[in-house]
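FYI, full-length UniProt numbering numbers position 477 of the sequence shown as 477, with every residue one higher than the one before it.
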Amino acid sequence: MSQWSQVQQLEIKFLEQVDQFYDDNFPMEIRHLLAQWIESQDWEAASNNEAMATILLQNLLIQVDEQLDRVSQEKNLLLIHNLKRIRKLLQGKYHGNPMHIAVIISNCLREERRILAAASMPVQGPLEKSLQNSVVSERQRNVEHKVSAIKNSAQMTDQDVKYLEDLQEEFDFRYKTMQSLEQSDKNSALIKQEMLALQAMLNTLDYKRKEVLSKIGRVIHEIDMLMSNMLTEELLDWKRRQQIACIGGPLHGGLDQLQNCFTLLAESLFQVRRQLEKLDELLTRLTYDGDPIPVQRPQLLEKVNFLLYNLFRNSFVVERQPCMPTHPQRPMVLKTLIQFTVKLRLLIKLPELNYQIRVKATIDNNRRFVLCGTHVKAMNMDESANGSLSVEFRHLQPKEMKSSAGSKGNEGPHMVTEELHSISFETQVCLYGLTINLETSSLPVVMISNVSQLPNAWASIIWYNLSTNDPQNLSFFNNPPAATLSQLLEVLSWQFSSYVGRGLNSEQLNMLAEKLMGQQVSYNDYQLSWAKFCKEHLPGKSFTFWVWLEAILDLIKKHILPLWIDGYIMGFVSKEKERILLKDKTPGTFLLRFSESNLGGITFTWVDQLENGDVTFHSVEPYNKGRLSALPFADILRDYKVIMADNVPENPLKYLYPDIPKDKAFGKHYSCQPNEVSKPSDGGGKGYVPSVFIPVSKILNDSTDPHSPSDLLPMSPSVYAVLREHLSPTVIETAVCCKLFHS
Numbered sequence: 001m002s003q004w005s006q007v008q009q010l011e012i013k014f015l016e017q018v019d020q021f022y023d024d025n026f027p028m029e030i031r032h033l034l035a036q037w038i039e040s041q042d043w044e045a046a047s048n049n050e051a052m053a054t055i056l057l058q059n060l061l062i063q064v065d066e067q068l069d070r071v072s073q074e075k076n077l078l079l080i081h082n083l084k085r086i087r088k089l090l091q092g093k094y095h096g097n098p099m100h101i102a103v104i105i106s107n108c109l110r111e112e113r114r115i116l117a118a119a120s121m122p123v124q125g126p127l128e129k130s131l132q133n134s135v136v137s138e139r140q141r142n143v144e145h146k147v148s149a150i151k152n153s154a155q156m157t158d159q160d161v162k163y164l165e166d167l168q169e170e171f172d173f174r175y176k177t178m179q180s181l182e183q184s185d186k187n188s189a190l191i192k193q194e195m196l197a198l199q200a201m202l203n204t205l206d207y208k209r210k211e212v213l214s215k216i217g218r219v220i221h222e223i224d225m226l227m228s229n230m231l232t233e234e235l236l237d238w239k240r241r242q243q244i245a246c247i248g249g250p251l252h253g254g255l256d257q258l259q260n261c262f263t264l265l266a267e268s269l270f271q272v273r274r275q276l277e278k279l280d281e282l283l284t285r286l287t288y289d290g291d292p293i294p295v296q297r298p299q300l301l302e303k304v305n306f307l308l309y310n311l312f313r314n315s316f317v318v319e320r321q322p323c324m325p326t327h328p329q330r331p332m333v334l335k336t337l338i339q340f341t342v343k344l345r346l347l348i349k350l351p352e353l354n355y356q357i358r359v360k361a362t363i364d365n366n367r368r369f370v371l372c373g374t375h376v377k378a379m380n381m382d383e384s385a386n387g388s389l390s391v392e393f394r395h396l397q398p399k400e401m402k403s404s405a406g407s408k409g410n411e412g413p414h415m416v417t418e419e420l421h422s423i424s425f426e427t428q429v430c431l432y433g434l435t436i437n438l439e440t441s442s443l444p445v446v447m448i449s450n451v452s453q454l455p456n457a458w459a460s461i462i463w464y465n466l467s468t469n470d471p472q473n474l475s476f477f478n479n480p481p482a483a484t485l486s487q488l489l490e491v492l493s494w495q496f497s498s499y500v501g502r503g504l505n506s507e508q509l510n511m512l513a514e515k516l517m518g519q520q521v522s523y524n525d526y527q528l529s530w531a532k533f534c535k536e537h538l539p540g541k542s543f544t545f546w547v548w549l550e551a552i553l554d555l556i557k558k559h560i561l562p563l564w565i566d567g568y569i570m571g572f573v574s575k576e577k578e579r580i581l582l583k584d585k586t587p588g589t590f591l592l593r594f595s596e597s598n599l600g601g602i603t604f605t606w607v608d609q610l611e612n613g614d615v616t617f618h619s620v621e622p623y624n625k626g627r628l629s630a631l632p633f634a635d636i637l638r639d640y641k642v643i644m645a646d647n648v649p650e651n652p653l654k655y656l657y658p659d660i661p662k663d664k665a666f667g668k669h670y671s672c673q674p675n676e677v678s679k680p681s682d683g684g685g686k687g688y689v690p691s692v693f694i695p696v697s698k699i700l701n702d703s704t705d706p707h708s709p710s711d712l713l714p715m716s717p718s719v720y721a722v723l724r725e726h727l728s729p730t731v732i733e734t735a736v737c738c739k740l741f742h743s
């Protein structure tokens with residue numbers, strides 16, 4: 001079943017979440033019509049590879065054209081109209097920046113996987129629940145409402161300033177007219193009457209000046225309050241959501257809304273600044289005793305400039321955290337001499353700033369690393385599909401300075417992967433006489449020199465962003481805090497939903513909790529240490545919990561992904577629980593679980609019944625990535641044979657737990673039909689007969705000799721003869737023998 005088909009079967013509350021992230025950037029019509037094709041492409045890799053993204057965009061447009069041809073034959077006028085509009089939209093929006101649509105589609109697919117994983121959970125996880133707080137949503141609406149009200153107030157004050165300017169011009173004209181009349185007749189009644197009128201006008205001017213200054217003061221106060229409270233909280237919430245999204249959590253949005261708020265506030269402040277400049281101009285033409293402008297204007301202007309400084313400083317954000325194109329799902333882990341990308345945005349989108357702001361990227365000041373590549377670029381509105389004022393660095397490389405060789409950071413992988421660094425960015429904005437220096441930094445990154453350090457480095461990134469919302473605590477691992485186990489389990493489920501397309505259910509998470517805690521207890525408030533998660537070996541094992549889990553993720557991604565996505569791999573179940581589940585099932589019922597003793601191994605266990613009625617269980621030696629590279633796992637399940645004593649070889653695997661016929665579960669994943677072997681003339685190689693791998697096990701009875709290394713040697717001639725009697729020579733030309741444990 002495709003991912004999109006699974007999405008369509010969700011409850012309405014989850015479908016509403018899906019509806020939120022499909023818009024004109026990536027219309028849902030295209031997602032629906034091209035579901036299979038879209039899911040078969042590697043959008044994550046394309047999001048950091050321009051050449052690949054360009055090809056995918058071209059292919060996407062070709063797919064849309066094919067759909068247009070199809071619906072044209074069906075004469076579906078509405079769909080024809082929509083597809084033409086969508087094709088024009090996609091072509092125009094992404095032609096100059098194909099990687100942006102790759103990012104959007106990758107995020108949409110990932111968010112679908114997260115929602116599917118959340119739907120399989122009995123309750124929403126604590127982290128996700130906190131991110132979807134109704135109070136937060138209400139605050140977002142209040143911020144947008146207040147920003148709109150402030151903008152309206154600033155525009156209304158513009159009208160008041162214009163009225164004041166007109167009133168003062170009329171006063172100037174009448175005053176000069178009276179002066180000319182006064183030279184001829186100072187004591188005339190007309191002049192006295194005009195003097196009284198001018199005094200009344202001056203009183204009105206004074207009142208209007210005070211009124212305008214008061215209104216300007218109120219607008220400034222409202223902006224100050226909004227920035228100090230709700231807008232700051234909104235920005236901090238967005239940064240927290242970004243942290244969580246970076247470690248596999250819900251897709252973070254809201255930056256466009258924040259940009260709209262920041263831009264409107266900046267426009268309002270510049271509008272107020274122009275109003276104060278106009279008052280200064282009016283002051284030079286007319287002043288009087290008790291004039292409020294020279295007293296209040298300097299203070300108001302100082303406050304406006306202060307707010308503009310703060311607004312600009314807060315608006316300079318890292319939109320997309322540093323990430324290597326080779327590992328798009330492991331952001332903030334950077335390998336020396338390997339390029340990474342990072343994107344910044346200025347949330348104040350003003351046309352005057354296009355190509356006027358040059359951003360410089362540096363690494364933290366310990367002088368251990370330097371950045372190579374293009375580290376100075378101009379922000380512009382042309383590279384982003386949504387027209388935001390942004391800059392993306394695509395060719396930066398961290399390089400370790402030779403002078404630091406042999407330093408403490410090189411003592412071992414734990415020291416390297418717990419050492420945090422920061423990529424810093426600085427620029428300067430010059431606008432309307434203001435010069436504002438801006439600085440921001442990425443979330444802490446981990447530098448590695450070898451890909452083997454990637455798993456532990458990613459564990460550090462997970463632990464940091466799970467445990468703190470401090471964006472710059474580079475000494476975090478000097479004394480790393482414990483994490484709540486319930487939150488950690490939620491994040492671990494995200495690793496599976498984001499990386500391999502299907503999250504973990506409550507039973508699978510319970511097994512992980514037991515493995516971490518060593519016993520079955522309530523884990524809602526349990527605190528787990530960093531050492532237990534990533535540094536201490538599991539009891540009786542030579543590896544840590546995290547290394548074990550990361551090896552399983554790698555195994556799924558590279559070798560058994562379709563089976564995992566279909567939900568047919570139980571995976572995380574202990575041997576004890578496995579037997580409880582199978583003991584009352586029909587003989588031949590089996591389940592698939594990950595090995596607890598072998599890194600990156602998967603095994604299957606089936607239930608059988610002896611002649612005396614006793615139940616027995618068989619578990620095959622785990623398959624690792626080396627063996628699965630030679631033979632697909634679905635084919636192993638189909639072709640697996642067991643030889644017991646001198647009996648006929650047979651496949652003992654009949655039903656996938658609880659009662660799904662094996663071929664019904666895995667049939668669509670078989671590479672070919674059983675025993676479908678080419679004739680000698682079809683072998684394509686000088687008449688050779690193609691060879692086929694068949695997984696075979698020999699079960700030893702309890703009365704036979706104990707297991708020994710000789711069990712792994714090739715089968716004896718007598719055993720091979722039994723096979724030849726019942727299977728064609730081409731089928732058993734090459735056999736992969738698996739050691740089987742009998743209990």
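Yeah, the Cβ is synthetic: ideal placement off N, Cα and C, and Gly gets one too. Remember, it's a predicted structure, so these values are computed and weren't measured experimentally.
Quick check: what's the CA-CA separation for residue i versus residue j?
{"i": "T341", "j": "L516", "result": "35 Å"}
{"i": "D635", "j": "I448", "result": "38 Å"}
{"i": "I80", "j": "E16", "result": "26 Å"}
{"i": "Q527", "j": "Y670", "result": "44 Å"}
{"i": "residue 758", "j": "Q168", "result": "What the structure shows of the chain is the stretch from 1 to 743, and residue 758 is not part of that stretch, so it cannot be assessed."}
{"i": "T586", "j": "K577", "result": "17 Å"}
{"i": "N437", "j": "A378", "result": "15 Å"}
{"i": "K408", "j": "E419", "result": "Because the pLDDT of K408 is 43, which lies under 50, any placement of that residue in the model is unreliable, and the question is left without a value."}
From the DSSP output, in three-state form, read off residue i for me.
{"i": "R358", "result": "strand"}
{"i": "D608", "result": "strand"}
{"i": "E16", "result": "helix"}
{"i": "G406", "result": "Low per-residue confidence applies at G406: pLDDT is 47, beneath 50, and the placement is therefore not dependable, though the value from the model is reported in the following sentence. G406 falls in the coil class under three-state DSSP."}
{"i": "S2", "result": "coil"}
{"i": "Q67", "result": "helix"}
{"i": "N624", "result": "coil"}
{"i": "E383", "result": "coil"}
{"i": "R330", "result": "coil"}
{"i": "S72", "result": "helix"}
{"i": "K641", "result": "strand"}
{"i": "A482", "result": "coil"}
How is the beta strand (DSSP E) around residue i delimited, first residue to last?
{"i": "M447", "result": "445-448"}
{"i": "residue 822", "result": "Outside the modelled stretch of the chain, which goes from 1 to 743, sits residue 822, for which no answer is possible."}
{"i": "I436", "result": "434-441"}
{"i": "H618", "result": "615-620"}
{"i": "K343", "result": "340-346"}
{"i": "A513", "result": "A513 -> not in any beta strand (DSSP E); alpha helix (DSSP H) instead, spanning 506-517."}
{"i": "K583", "result": "Note, K583: premise wrong, no beta strand (DSSP E); not H, not E."}
Output the boundary residues of the alpha helix (DSSP H) element that contains residue i.
{"i": "T284", "result": "255-285"}
{"i": "H221", "result": "189-226"}
{"i": "P632", "result": "Taken as a continuous stretch (DSSP letters only), P632 belongs to no alpha helix (DSSP H), as it is neither H nor E."}
{"i": "T374", "result": "Taken as a continuous stretch (DSSP letters only), T374 belongs to no alpha helix (DSSP H), as it is neither H nor E."}
Please name the residue, chosen from the options, that lies closest to residue i on a Cα-to-Cα basis.
{"i": "V333", "options": "C246, Y568, A197", "result": "C246"}
{"i": "Q339", "options": "H375, V359, D663", "result": "H375"}
{"i": "L347", "options": "P325, N380, M324", "result": "N380"}
{"i": "R368", "options": "A266, H421, P351", "result": "H421"}
{"i": "H221", "options": "Q179, Q199, E302, R285", "result": "E302"}
{"i": "E426", "options": "L264, Q257, E439, L538", "result": "E439"}
Would a C-beta distance cut-off of 8 Å place residue i and residue j closer than the cut-off?
{"i": "E128", "j": "I86", "result": "no"}
{"i": "S498", "j": "Q329", "result": "yes"}
{"i": "G501", "j": "S493", "result": "no"}
{"i": "S595", "j": "T605", "result": "no"}
{"i": "K192", "j": "P292", "result": "no"}
{"i": "G373", "j": "L396", "result": "yes"}
{"i": "P649", "j": "K641", "result": "yes"}
{"i": "Y657", "j": "G588", "result": "no"}
{"i": "T157", "j": "I216", "result": "yes"}
{"i": "F572", "j": "M511", "result": "yes"}
{"i": "I363", "j": "I423", "result": "yes"}
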